[in-house]
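Student: Using the working numbering, the final residue of the sequence shown is 786, and nothing's skipped along the way.
Where is the CB? At the ideal position from N, CA and C, for every residue including glycine.
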Amino acid sequence: MEVSILAVICFERDSFGVRIGLDSTVCYLKNVICEKWISLTPLSIALYFCRDNKKNVIETDLELQSLACFAHAKGEPSTDIFVSLVQHQGSTSASVQSEESSSISQCLRIFDGSIEKKQPLKSDEWASYKWDFEKNDKQRVTVSCKNRKEFGCPWRVHASYKLNIPSKFMIKKMVPDHTCGVGLLDLKKPPLTSKLVKELILKDVRDKPSIKPLEIVNMFKREYGFETPYYYAHAGKELAQKEVFGDVGRSYDHLLWYIDALKNTNPGSHVVLDVDPVTKNFKRFFVAFDACIQAFNSCRPLVFLDATFLKAKYKGHLMAATGKNANDGFFPFAMAIVSSEDAENWDWFLDNLKLILSPARRLTFLSDRNLGLMSSVPKAFPQDFHGYCLWHLKCNLRKNLSGKNPRNKYIETLFDKCAYVATHSDFKRAYDDLVRVGGYKVKKFVDNVPFEHWVNAYFGGERYGEMCFNVAESFNSWISNERHIPVTSMLDQIRLKMMKMMSERREDSRTWTSYLCLKIELLLVNKIKAGWIWRVSKSSDSVFEVHSSGSHIVDLGCMSCSCYLWKVYGFPCEHAICAIQSVRGDVYRFIDRYFTVEAFENTYVHSIKPVPNFDMPSESNEDAEINPPNNPRQPGRPCTKRKENTGAAIEETKALWSV
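#1: With DSSP as the reference, label Ser-378 as helix, strand or coil.
#2: His-519 lies in the alpha helix (DSSP H); which residues open and close that run?
#3: Using a Cβ-Cβ cut-off of 6 Å (strictly less than) and excluding sequence neighbours within five positions of Phe-458, which residues of its own chain qualify?
#4: Tell me whether the beta-carbon of Val-153 lies closer than 7 Å to the beta-carbon of Asp-207.
#5: Give the DSSP-derived three-state secondary structure of Trp-384 in the structure shown.
#6: For the region 335-378, which segments carrying the alpha helix (DSSP H) assignment without a break, of at least 4 residues, lie completely within its bounds, in sequence order?
#7: Mind checking Glu-277: buried by the 16 CB within 10 Å criterion, or exposed?
#8: Rounded to a whole number of angstroms, what is the C-alpha to C-alpha distance between Gly-712 and Ala-703?
#9: Residues in its own chain within less than 8 Å of Phe-143 by CB, not counting five upstream and five downstream?
#10: Report buried or exposed for Val-430, applying the criterion of at least 16 other Cβ atoms within 10 angstroms of its Cβ.
#11: Within 10 angstroms of its Cβ, does Lys-364 collect 16 or more other Cβ (buried), or is it exposed?
#12: Starting from Met-446 and walking both ways along the beta strand (DSSP E), at which residues does that stretch end?
#13: Can the beta-carbon of Asp-264 be found closer than 7 Å to that of Lys-273?
#14: Excluding five sequence neighbours on each side, which residues of the same chain lie with their C-beta closer than 8 Å to the C-beta of Val-738?
#15: Quick check: the Cα distance between Phe-416 and Tyr-515, rounded to an integer number of angstroms?
#16: Considering only residues of the same chain and omitting the five flanking positions on each side of His-679, which have a CB-CB separation below 8 Å?
#17: For Ile-538, list the residues DSSP reports as bridge partners.
#18: Go through its chain and collect everything with a Cβ distance to Ala-584's Cβ below 8 Å, but skip five positions before and after it.
#19: Any idea if Glu-468 is buried or exposed, counting beta-carbon neighbours within 10 angstroms, 16 or more meaning buried?
#20: How should Gln-192 be labelled, buried or exposed, when 16 other C-beta atoms within 10 angstroms of its C-beta is the threshold for buried?
#21: Which of the three DSSP states is assigned to Pro-394 in this structure?
#22: Whose C-alpha, out of Ala-507, Arg-496, Ser-485 and Leu-484, is nearest the C-alpha of Ala-475?
#23: With distances taken Cα to Cα, identify the nearest neighbour of Asn-608 among Glu-203, Phe-372 and Val-145.
#24: So, for Thr-269: in the same chain, excluding its five sequence neighbours on each side, which residues have a beta-carbon less than 6 Å away from its beta-carbon?
#25: In the DSSP assignment, what residue or residues form a beta bridge with Val-670?
#26: How about the region 317-327 and the region 587-598: do they share at least three Cβ pairs that are nearer than 8 Å?
#27: Rounding to the nearest angstrom, what Cα-Cα distance links Asp-559 and Ala-546 in this structure?
#28: With Trp-581 and Leu-649 assumed to form a contact (beta carbons below 8 Å), what rounded beta-carbon distance in angstroms separates them?
#29: Keeping to the same chain, check which residues put their C-beta closer than 6 Å to that of Leu-683; ignore five residues upstream and five downstream.
#30: So, with DSSP's three-state summary, where would you put Pro-169?
#31: Here's the rule: buried if 16 or more other CB atoms are within 10 angstroms of the residue's CB, otherwise exposed. What is Ile-292?
#32: Buried or exposed for Lys-181, going by 16 or more other Cβ atoms inside 10 Å?
#33: Go to Phe-572, then tell me how far its alpha helix (DSSP H) extends in each direction, as first and last residue.
#34: What three-state label does DSSP hand Ser-503 in the structure shown?
#35: Between the region 633-646 and the region 716-735, do at least 3 Cβ pairs fall closer than 8 Å?
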């Protein structure tokens, strides 16, 4: 039952509204009140409501929730809650949950009374006063102002465990006011520790694991006015990540549990763990969820291969195979954690990838010119096709161009033209122009890259117009936060994102009524408009001549056009669509099934199942222990951004410049 009513909070002559329900807490409500009236603190106020001319104090969450339930049952749209000031002369009922009664951060949590948020109040006038411990043991804590003896400041707090509730710590006595003067405040040296920083940034780290210590420093200055030392920000972030995502080293040992859990909840998934049998050090891990394996069969026969480095303590690389769905969206279906992006690991990754792909399907692989991929792809998939990313090729080309010569942009334009042209004759003309303008170094570079890997006119596979592997880069950007956390948590967070993405896209497709996906339908409309003014001459039942700026031959029987764009993009060109419409043909019959709504729905008809972690062991299993990888730390400052990968062109470039 959904219970939610409007609580009108009244204090003196002012009031405001806030909704309360069965999940509301007194602590949260007090914090909302104190944010509204900054002169108040949670420990200085009490809440009550009136029934039958009697005041009823609200001290517990149950009392607050009962009030909401009672008002809802009576059909009351709102109820009044009054705020009164509390005199801290004796004991109070303010309590907080304690982990370490002896820590300074615990004292701060007691003072502000914020349990869930664990954030110090911005209006605390004494937050940066210094204090001394009078008593500090497992049962009690008493602190007083450091200026008590010199200035006679009466500020003092005494707290101890609440009777019968050992997990609760309660303030028994408190004198809340400082009399030593604001001149003794020290905002540059607040009573911070790394543990307190951890408590304050838990939510931020959970939402953004890649948050930087400098961002934390700036946040503390902006939110609380504190000059936080960088060391505390860094150490607090490490502690927060450990609490939220688990220990980095122990995470490798949890992979054994994760494999069993994954096989139980997602049967049919392909999971491989490679561990050094002698040292028990982690080496490699491959995973492809069953739902993704099945779904890829409805994606275009394109596989984008890339690797991105991990940023947790033990580094490594995340290799991924990504497809493209019927609506031009990326679809990751296999990934692996390896120590480095080399030929051996790419061989291992592609061998596992081969086990989950249909052997009857001719595929096109797209990647950069990484040394490992250039040898591994033809070795694992000799019958398939391998295309190089045009953007990476242009990065390699720039290394053969001199300085900031104004001709460089023109040379790159000619290089693009060589890649995009669809006929051998057009390529020959573009190639001659490129060599004439670029000279010997450019000619040698172009000749050293086999044409069948990057030129449309010579490419044998179905590339669907994909000249770059932006799809793989999109996936890398999509998981940018997850790369900062321990491996088991990272894999499960990626699984969770994929599960949500597949569910959302499944729901979206149920509202589509067209034959083609939305983006493809728009593409078709634009192509139809482009050929409205063209004339068509019929030669036979399937052969036509289309008169545009020039004339082109369209053969509907062979699904080809003399412009070759139908073959290059896997989608009917403007000439073909014009010819089809001239005889009132069905355009949809000539469009590849990988562009249809049906293919999109088949991609997401499968779903990744949840993997509950309530039974994940908190301690390592000594009989099946997996140690972290032995990745030696590289000299120098750690790299945080990926260096431009020029692959095999590095050695080649050096040779060219030495000529």
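Tutor: Taking the geometry as given:
#1: Residue mapping note: residue 378 aligns to position 251 of the sequence shown, counting from 1. Helix, per DSSP.
#2: Taking the sequence shown and counting its residues from 1, one reaches residue 519 at position 392. Its alpha helix (DSSP H) spans residues 517-525.
#3: Numbered from 1 along the sequence shown, position 331 holds the residue referred to as residue 458. Around Phe-458: Cys-426, Gly-450 and Asn-452.
#4: One-based indexing of the sequence shown puts residue 153 at position 26. One-based indexing of the sequence shown puts residue 207 at position 80. No, the pair does not count as a contact, with Cβ atoms beyond the cut-off.
#5: Within the sequence shown, numbered from 1, the residue matching residue 384 stands at position 257. DSSP places Trp-384 in helix when its eight states are reduced to three.
#6: 340-351 and 357-372
#7: Working through the sequence shown from its first residue, we reach residue 277 at position 150. That one is exposed.
#8: The count along the sequence shown starts at 1 and reaches residue 712 at position 585. The count along the sequence shown starts at 1 and reaches residue 703 at position 576. Gly-712 and Ala-703: Cα-Cα distance of roughly 11 Å.
#9: Along the sequence shown, read from residue 1 onward, the residue named residue 143 stands at position 16. Hits under 8 Å: Val-135, Ile-136 and Lys-163.
#10: As a position in the sequence shown, residue 430 is number 303, starting the count at 1. Result: buried.
#11: Working through the sequence shown from its first residue, we reach residue 364 at position 237. Result: buried.
#12: Along the sequence shown, one-based indexing puts residue 446 at 319. Its beta strand (DSSP E) spans residues 444-451.
#13: Looking up residue 264 in the sequence shown gives position 137. Looking up residue 273 in the sequence shown gives position 146. No.
#14: Here residue 738 refers to the residue found at position 611 of the sequence shown. Counting only Cβ-Cβ distances below 8 Å, and skipping sequence neighbours, we find Tyr-385, Ala-388, Leu-389, Thr-392, Asn-393, Asp-619 and Arg-622.
#15: Residue 416 sits at position 289 when you count from the first residue of the sequence shown. Residue 515 sits at position 388 when you count from the first residue of the sequence shown. When rounded, the distance between both Cα atoms is 27 Å.
#16: Numbered from 1 along the sequence shown, position 552 holds the residue referred to as residue 679. Counting only Cβ-Cβ distances below 8 Å, and skipping sequence neighbours, we find Glu-672, Val-673, Cys-688, Ser-689, Cys-690 and His-702.
#17: Sequence index remark: in the sequence shown, residue 538 carries index 411 (1-based). In the DSSP output, where bridge partners are listed per residue, Ile-538 has none listed.
#18: Numbered from 1 along the sequence shown, position 457 holds the residue referred to as residue 584. For Ala-584, where only same-chain residues beyond five positions count, the Cβ hits under 8 Å are Val-548, Ala-549, Thr-550, His-551, Asp-553, Phe-554, Phe-578 and Tyr-691.
#19: For the purposes of this step, residue 468 is identified with residue 341 of the sequence shown, where counting begins at 1. The residue in question, Glu-468, is buried, as its Cβ has 16 or more Cβ neighbours within 10 Å.
#20: Your numbering for residue 192 matches position 65 in the sequence shown. The residue in question, Gln-192, is buried, as its Cβ has 16 or more Cβ neighbours within 10 Å.
#21: For the purposes of this step, residue 394 is taken as the residue at position 267 of the sequence shown. Pro-394 falls in the coil class under three-state DSSP.
#22: For the purposes of this step, residue 475 is identified with residue 348 of the sequence shown, where counting begins at 1. Before going on, a small fix: residue 475 reads as Trp here, not Ala. Closest by alpha carbon: Ala-507.
#23: Taking the first residue of the sequence shown as 1, we reach residue 608 at position 481. Measuring C-alpha to C-alpha distances from Asn-608 to each of Glu-203, Phe-372 and Val-145 identifies Phe-372 as the nearest.
#24: If you number the sequence shown from 1, residue 269 lands on position 142. Excluding positions up to five away in sequence, the list reads Glu-261, Lys-262 and His-285.
#25: Mapped onto the sequence shown, residue 670 falls at position 543. In DSSP, Val-670 forms a bridge with Asp-682.
#26: Look at the beta carbons and you see the region 317-327 not touching the region 587-598: under three pairs across the two are nearer than 8 Å.
#27: In the sequence shown, the residue the question calls residue 559 occupies position 432. In the sequence shown, the residue the question calls residue 546 occupies position 419. C-alpha separation (whole angstroms): 13 Å.
#28: The count along the sequence shown starts at 1 and reaches residue 581 at position 454. The count along the sequence shown starts at 1 and reaches residue 649 at position 522. Not quite, the Cβ-Cβ distance comes to about 29 Å (not below 8 Å), so this is no contact.
#29: Position 556 of the sequence shown, counted from the start, is the residue given in the question as residue 683. Here the set comprises Ser-669.
#30: As a position in the sequence shown, residue 169 is number 42, starting the count at 1. Helix.
#31: Residue 292 sits at position 165 when you count from the first residue of the sequence shown. Only weak support exists for where Ile-292 lies, its pLDDT of 49 falling under 50; the coordinates are left without a value.
#32: Position 54 of the sequence shown, counted from the start, is the residue given in the question as residue 181. Result: exposed.
#33: For the purposes of this step, residue 572 is taken as residue 445 along the sequence shown, with counting starting at 1. Per DSSP, Phe-572 belongs to the alpha helix (DSSP H) from 567-574.
#34: As a working note, residue 503 is residue 376 in the sequence shown. Residue state, collapsed to three classes: helix.
#35: yes
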